[in-house]
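So the sequence shown is residues 122 to 300, counted in the numbering used here. Even glycine gets a Cβ: it sits at the ideal position worked out from N, Cα and C.
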Amino acid sequence: SDAVVQAIQALSAPGGAAGDAARPAMVRHTDALADAKRILGHIEATPDPTTPRVLGWALRKVMRTVFTGITVDEPGLERVRALAEAASKGGAPMLLLPSHRSYMDFLLLSYVFFAYNLPLPYIAAGEDFLGLAKASDLLRRSGAFFIKRSFRGDVLYSSVLRSYVQSLLMNSQTVEFFI
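Below you can see the structure in the form of structure tokens.
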């Protein structure tokens, strides 16, 4: 988004938060900006309205053969719906922090949100999923954004990721990180 690009420009400006002291002297402002845009392109989700519907239909077929049923705490889900509606009207953004016990966790949570007509979350996924070619494209178009497992010491990467997540939250998007 424009806000992310503006933040990147501020961060990569000489003397900015990720300014010249944080980079080798040979790296120019334009190089840092190009690197930041490349990082953003690697990270960001590109959701479209059709892909989640197709995946929801396919996931429903799979779930019906794998599980005998899925129990949903409907009163709890109604509280989540109220929070999502408040967020869409300028309230506090919604951040989901489920525990990560298996890869089914993010599928089930997204499926329940889809089935109950709640806004699908943007999901932080490890960039190892990018090796799944077509699957990673479907995930990205369903709201997944891909992050490194570790980026300690990478000032530009952490600045771009922080700006991207802040942009999602400031635009009242639901964001999901697994802990």
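For residue i, the nearest candidate out of the options (CA to CA)
i, options, result
"M291", "P196, G197, G212", "G212"
"E165", "R273, K255, V276, L251", "L251"
Residue i in three-state terms, based on DSSP
i, result
"A153", "helix"
"G264", "coil"
"R273", "coil"
"L217", "strand"
"V305", "Any question about residue 305 goes unanswered here, given that the chain covers just 122 to 300."
"E165", "coil"
"F188", "coil"
Rounded C-alpha distance that separates residue i from residue j
i, j, result
"L260", "T192", "25 Å"
"P242", "T295", "5 Å"
"L154", "I160", "10 Å"
"K158", "A256", "23 Å"
"F299", "E195", "22 Å"
Endpoints, alpha helix (DSSP H) assigned at residue i
i, result
"A245", "Counting along the chain, A245 falls outside any alpha helix (DSSP H), though it belongs to the beta strand (DSSP E) covering 243–247."
"P196", "195–209"
Contact with chain D by residue i, beta-carbon distance below 9 Å
i, result
"L230", "The displayed structure is made up of one protein chain only, and chain D is not part of it."
>> Under 8 Å: do the region 226–241 and the region 173–190 share three or more Cβ pairs, one atom per stretch?
In response: yes
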